[in-house]
Amino acid sequence: ADLTIGFSQIGSESGWRAAETTVTKQQAEERGIDLKFADAQQKQENQIKAIRSFIAQGVDGILIAPVVATGWDEVLEEAKDADIPVVLLDRTVDAPEDLYLTAVTSDLVHEGNVAGQWLVDEVAGADCRIVELQGTTGSSPAIDRKTGFEQAIKGHDNLEIVRSQTGDFTRSQGKVVMESFLKAEGGANICALYAHNDDMAVGAIQAIKEAGLKPGTDIKIVSIDAVPDAHLALANGEMNATIELTPNMAGPALDAMEAYLADGTMPAKWIQTESKLYTAKDDNQAVYEMKKDLGY
Amino acid sequence: MRSTHLPLIVTLVTFVLAFALCGSQYPAILSTRVVANLLTDNAFLGIVAVGMTFVILSGGIDLSVGSVIAFTGVFLAVILRDTSMHPLMAFALALIITTAFGAAMGATIHYLEMPPFIVTLAGMFLARGAAYVLSTDSVPIEHEFYDVLQGIYWKAAGGGRFRLIGGVMVLTFIVGAIVAHRTRFGQNVYALGGGPQTAKLMGVPLAQTTIGIYAISGGLAGLAGIVFSLYTSAGYSLATVGVELDAIAAVVIGGTLLSGGYGFVAGTFFGIMIMGLIQTYIVFDGTLSSWWTKIVIGMLLFAFILLQKGLIWATTARKRRATGSAALS
Amino acid sequence: MAGSTQGLLKRITPQLIILAAALLLNVIVFPDFFHVDFRNGRLFGNIIDVLNRGAPTALLCIGMTLVIATRGIDLSVGAVMAIAGATAASLVVDGHGWFTALIGALATGAICGAWNGVLVAVLRIQPIVATLVLMVAGRGVAQLITEGTILTFLNPGLIRLGAGTILGIPTAIVIWICLGAFVAFAVRRTALGMLIESIGINEASSRLAGINSRVLLVCVYLVSGLCAALAGVIVAADIKGADANNAGLWLELDAILAVVIGGNSLLGGRFSIIASLLGAMIIQSVNSVILLSGMPPEFNLVIKAVLILGILVIQSPKVSYLWYMLRASGPQPQPDRKSPRPRTTPEEKTQ
Amino acid sequence: MTEQTAPTGTPTGTDAQDAPMLHAKGISKFFPGTIALDDVELTLHRGEVHALLGENGAGKSTLIKCLTGAYKRDGGVITLDGEVINPASTAESQICGIGTVYQEVNLLPNLTVAENLYLGRQPMRGGLVSRKRMVAEARRVLRDYGLDVDPGEPLTRYSVAVQQVVAIARAVEMSGKVLILDEPTASLDRDEVQLLFSVIRTLKERGLAIVFVTHFLDQVFEISDRATVLRNGRVVGTRVLSTVSQHDIVTLMLGRQLEAKVHDRQTGAAGEMLLEVDGLGKRGMLEPFSLALRKGEVVGLAGLLGSGRTETANLLFGAVPADGGVLKMHGKEIRVGNPREAVRHGFALCPEDRKTEGIVGDLSVRDNIVLALQARQGWMRPLSRAKMNEIAEHYVRTLDIRLASLDMPIRLLSGGNQQKALLARWLATSPDFLILDEPTRGIDVGAHAEIIALIETLRQQGMSLLVASSEMEELVAYSTRVIVLRDRRQVAELTGAEITAQNIVHAIADEPARGVA
Ligand SMILES: Nc1ncnc2c1ncn2[C@@H]1O[C@H](COP(=O)(O)OP(=O)(O)OP(=O)(O)O)[C@@H](O)[C@H]1O
Ligand SMILES: Nc1ncnc2c1ncn2[C@@H]1O[C@H](COP(=O)(O)OP(=O)(O)OP(=O)(O)O)[C@@H](O)[C@H]1O
Ligand SMILES: [Mg+2]
Ligand SMILES: [Mg+2]
């Protein structure tokens, strides 16, 4: 019989998130799965409500993209009591491992690390004053990507983060905050920008251009996510590097789920997705063409 | 039936009708599981909505409650992580802080004659800001006492779990209703909503009542924060963003007028249930995209408001014809 | 009107003082704050940023002031911004010109405003609830238009509206100043201002005096919708893309705050658009302090809350009355305790 | 003028109780631009009804508010029962035993009658408010005032008059020592007034001191023992009423003689037909009625409270949409579905409830006066500032509105002056058909005479008027025709020489044979 699977998505706060939703729906359709989609509007309580409703409805399996790591024990236990397997997408949770089947995620700290490492290699010992555009204050990508980056540049005294402010993961805030960085530090004194996501980087690029500087040349830019617009910027030489966070978490997740439901195969507890580094050397135009219809 | 009870009855009828309608489409909605979920999942929202009802009845508004819930959660988590304080002590401390915070807002509103909207907006920034300063990270709570509290539930036939926090909410509603309708303080709240200047001439102690109202709202937001921390076993500074709007919507759907003076605490309960039902229905449907979810929530909100308007209009029109009250509309 | 310039000056004095204080704070954290130079064909400097970044709030608070004067409130403006931005973006992406896109966006804004107006004026739904409907649903509509993505566009005409310049001045600044001046002028040179105030203070009396309160209410919400649409277009043009999810998010609160800092009562009645615009600039100056101070972002909200509380306390009628008492001597009039409205403007007491 | 001491002003006063119940000395109160009270002294004895008199804006209401703590006074000492009191709020003065009815009905529209009556001192049982007892007691108390209302219903279901009675009952219940009534009879009818007076007499016997403010001098002389007269915020004299005449009091109030104007009413031929109403009515509110009105006619509407006078006015003006009926103006059928259309056809309505349906409180007096004219002109054609000033100043002069400046918000005017400003608002539109609902409510003796004269002048200029009033003498003075309503129905019409107070009373009481014959 056809499977019915509930998917509790955080919301649609960014292009990447929208792409993840699109890809998940595509993946489910390819497999003939009836996907029940619930958008939580960025609220954990809504996600918990949705999961409880899925259980009440008697679905075969549940996918969750948890908005935050904590607070899932109780509801996961209920799912377990009802014999419904749960797979986590793009973030793990602070709950006993037996409460979920597996987690398909990237490593957020690792992403920050890759970005930092790239910058370390890129400046090759020269002095570099870095400005940082953080994600939404308190969100785990913001915290982890900051941590990873700081780990990577630790011990390299030539690299220094001189200003760090939140850009709320949005393009317009990225632009606004970058404008203030440029004025507060003076454009010439900034060597590199690290943005916690591409949207903020794209906004910042415009601010840099309006200040009469050349993004990618006067100020090096590295960010995370690899959304289509970032590839375009890379292709135009306005950006230097981005680290991919694949929106296809559902593929491996549904594979694991199907296998488990078919014959009880237990997958590994953590399926890590690749954090690929894209730089100007890659054929970004081609990647852009490929990605632009994914719903980013 | 008194004509003043009409909005309450309308809300009740609306809820029953909607529940039956949803049930006819998805029979699983009529299970004890869904009923228990409605109570458990909306417990914290229901508790703040009781406080919000008082505030709105008095003609005010409290935008800070969502942030206060988040603050309470983070505060409890940090205290329980960093000290060896017993959770009950921490609860008491949290309640004292949030009540005092509410009272301070009330005092600002009264003594400095500033509009509640703005004072509580600043309170909203302040409480969330304080939560950030305590911890930006989400802090898990691991304490056996929490496990004990979370372990208290009654499992009904059909798999529904009626948990402690749902009970706390129901109790809050009962106490809230009694305070609103059967105490002098409650009557003073209504009086304030009818017109502060008139109420003052009639001898209502304005300062005491205003401060009391916002203290209650703050304290109940604190209680909701405790309930929320039991619900998620964590404190998170980004939690419950925008809950104040949900609470206001629930109060209004429950038949309370935002301009103050008219409404019932019990109505708010059904307001909460109606909103919970909307969400449950959307999840059961499961085909709506992110954007259609928003649009449908908005449209359903609109439909409920219209239904309410229509019912009130129809009944008062009949009544007008019957008794001939000469109110100028 | 005769003597109105002096009256206006008196009315906005508190806002001017506070704005000066907020700017001074900026200078303290960043001494070069007032430095402006000409770079890359445009004026470049922090003070220009304040004017430029304050544009969306300023535009919103023009309409919001009118709505609040009628004792209403418009929570939907943020969502309307998103809708309008998405409309404009999707029109240019479909190959239409920037002018068509602008008109299309304004038309959507007008429709949204009219919808709010009809709910409030005809169906008699309380403004905060009526506009809550669009606040919740509107963002969904915007995402429906962009299909959840950030709709990027390259149309230079449209981009110029947000990121371009006129004679070296960023377009957004020109737009909000012109529109603000126009609306402020229009309501005072016609009888509109008085009629709007009248329905805000006592709608029953106004109706009995023969004022068409319904049409007037719809119009006021319509103007608010139009202002929001313009703000939406500017925000989208600024980042060359329509971000349905984040454009104008929570900006309604800033707009309301601006109106209140402008000394307008949330209970309706007397209003001043100029004062609201100054309020918007005060908020933007506060934001600017936060950005320039270099404090960690965890403190943003606390700083903002404290500054705003300070501003409002200074403005509180009670406190300004104390000021007045401190300065003056001899037997003084008492504050009007009976006043059925909590806010009494200072000049009313001092005249 | 020097104050006349009245040592034996208290009929029931014994030597032991000779110390005054309440003594206020040197009371002062300043408003921006106005000295509302200047060194005012007021002495109230036990068991005394003390009238407080004065023109509109003389400071009566302000004095009362200073006594009860509703205003913070700028100077003066109040002693109650020998002790200095300093009430900072009305709540405190209530605790001291001072019960007050303020000038405008000050009750809460969202509460029920019983809740209003018992706010702050609800009967309790087991720590909780006992609603049942509250309603039962309210019913009992209100019955003493001749009100047979359901105390569990919202206050707003009942008319201003009923609300006024509830406010009085509340104040009486509150007052242990002093009862203050600020124009309590302004919207009451004779019978209600008599009921109120009997209550006052009872309280007087119990030894309460009662302050009574009114502009009806008959009532003053009927119930009061002494009177204190204010003019421009100063006490101009206190008199024992049994020793003075009405004429003396009026002279004291106005500071001049009031010329007795003799109206030689032209009862006969009026002008051409202006308005014909046929079958206008609303179910449950007013039986369909017909009315023909010529130019230069003043039709008086008489009736008891709740007889449907206000409803008639509202229906005609479109303030309440009618169920059916035809209106013809100058022989042509017109539609009056809302006030706006009415105004466009040259109608004007000065409503009964000036606080909620009349003034636009925060707008300046000037704006309030030109509001209806401006609304009719449309927003595109604003009146110039100069024109506004001209209109406003004109009416301030003709109607003698007392104000500090045209820029002050109208809510700061005294009650009577607000009423005059509203009249000005409608006169400014120079209507063809002017409806006045209780136009002299709260207006002082001098202005009262002037308004009666004004109505006559307007009539002579060819305006048609419909005036609803509870004052028979007034109706008799200006009406060319009187329509009597009872139970929401027109029951009689008096014309010409038939119009006498006696005939109207008979018609109202349904004793047809005697009077109209
Ligand atoms: N809050 C206020 N601010 C400024 N002026 C005021 C205020 N309240 C009253 N006044 C002024 O004080 C004066 C006295 O007013 P008050 O209401 O006491 O008159 P009153 O004797 O009760 O008249 P009426 O018979 O019309 O009721 C009036 O000139 C009025 O305009
Ligand atoms: N003594 C009373 N007891 C109960 N209900 C009353 C009483 N007097 C008036 N009402 C109610 O008040 C409502 C409004 O009557 P209202 O007084 O406005 O009529 P009216 O003829 O215009 O009288 P007036 O103009 O003198 O106030 C009526 O529906 C009537 O039922
Ligand atoms: Mg008075
Ligand atoms: Mg009447």
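Chains as they are written, first to last, in the working numbering: chain X, 70 to 365; chain E, 1344 to 1672; chain Z, 408 to 758; chain U, 2 to 518. The beta-carbon is built from N, C-alpha and C at its ideal position, and this holds for glycine as well. Because the structure is a prediction, the values reported are computed rather than measured.
Chain Z contact for residue i (CB, 7 angstroms cutoff)
i	result
E:V1595	yes
E:F1414	no
U:A373	yes
X:S81	yes
U:P88	no
X:Y365	yes
X:D298	yes
Contact with chain U by residue i, beta-carbon distance below 7 angstroms
i	result
Z:S605	yes
Z:S736	With a pLDDT of only 45 at Z:S736, under the threshold of 50, the placement of this residue in the model should not be trusted, and no figure is reported.
Z:A598	yes
Z:G676	yes
Z:N609	yes
Within chain Z, partners of residue i - CB distance below 7 angstroms
i	result
X:E248	D456
E:T1479	E705
U:P340	R614, L615, G617
Rounded Cβ spacing between residue i and residue j (contact assumed at less than 8 angstroms)
i	j	result
U:L302	U:L467	7 angstroms
U:L109	E:T1541	6 angstroms
U:R482	U:E298	6 angstroms
Chain-ordered neighbours of residue i on chain E, where CB pairs are closer than 8 angstroms
i	result
Z:G392	Chain Z is shown from 408 up to 758; residue 392 of chain Z falls before or after that span and cannot be answered.
Contacts of residue i in chain E (Cβ-Cβ under 7 angstroms)
i	result
Z:S723	L1455, E1456, M1457
is_contact[residue i, chain E] using C-beta, thresh 7 angstroms
i	result
U:Q503	no
U:Y146	no
Interface flag, residue i vs chain X, CB-CB below 7 angstroms
i	result
Z:I435	no
E:G1568	no
Z:R567	no
E:F1362	no
E:Q1368	no
Within chain Z, partners of residue i - CB distance below 9 angstroms
i	result
X:E89	Within 9 angstroms Cβ-Cβ: nothing; X:E89 doesn't reach chain Z, min ~11 angstroms.
Under 7 angstroms from the C-beta of residue i: neighbouring residues of chain U
i	result
E:G1546	T91, A92, Q95, G121
8 angstroms Cβ cut-off: residues of chain Z touching residue i
i	result
E:S1602	Q533
Contact list for residue i against chain U, beta-carbon separation under 8 angstroms
i	result
E:G1536	N111
Partners in chain X for residue i, counting only beta-carbon separations shorter than 7 angstroms
i	result
Z:T464	Correct list: empty, because the minimum Cβ distance to chain X is about 12 angstroms.
Using a Cβ distance threshold of 8 angstroms, determine whether the region 463-477 of chain Z contacts the region 628-643 of chain Z, with at least three qualifying pairs required. Because the criterion of three Cβ pairs below 8 angstroms is met, the region 463-477 of chain Z and the region 628-643 of chain Z touch.
Is the region 494-510 of chain Z close to the region 609-618 of chain Z, with three or more CB pairs under 8 angstroms? Taking 8 angstroms as the limit for Cβ pairs, the verdict is that the region 609-618 of chain Z does not touch the region 494-510 of chain Z.
Between the region 1422-1433 of chain E and the region 1540-1552 of chain E, are three or more C-beta pairs nearer than 8 angstroms? Verdict: no, contact absent.
Any 3 or more C-beta pairs closer than 8 angstroms across the region 577-593 of chain Z and the region 675-689 of chain Z: Output reads yes: the region 675-689 of chain Z touches the region 577-593 of chain Z.
Inside the region 446-514 of chain Z only - alpha helix (DSSP H) runs reaching at least 4 residues: For the region 446-514 of chain Z, whole alpha helix (DSSP H) runs of length 4 or above, ordered along the chain, are 453-460, 462-476, 484-500.
How about the region 283-302 of chain X and the region 324-342 of chain X: do they share at least three Cβ pairs that are nearer than 8 angstroms? Short answer: they don't touch.
Beta strand (DSSP E) runs contained entirely in the region 396-473 of chain U, provided each spans 3 or more residues: The region 396-473 of chain U is shown to contain whole beta strand (DSSP E) runs of 3 or more residues at 434-438, 465-469, in chain order.
Counting only runs of 4+ residues fully inside the region 105-143 of chain X, write out the alpha helix (DSSP H) ranges in chain order. Complete alpha helix (DSSP H) runs here, min 4: 113-126.
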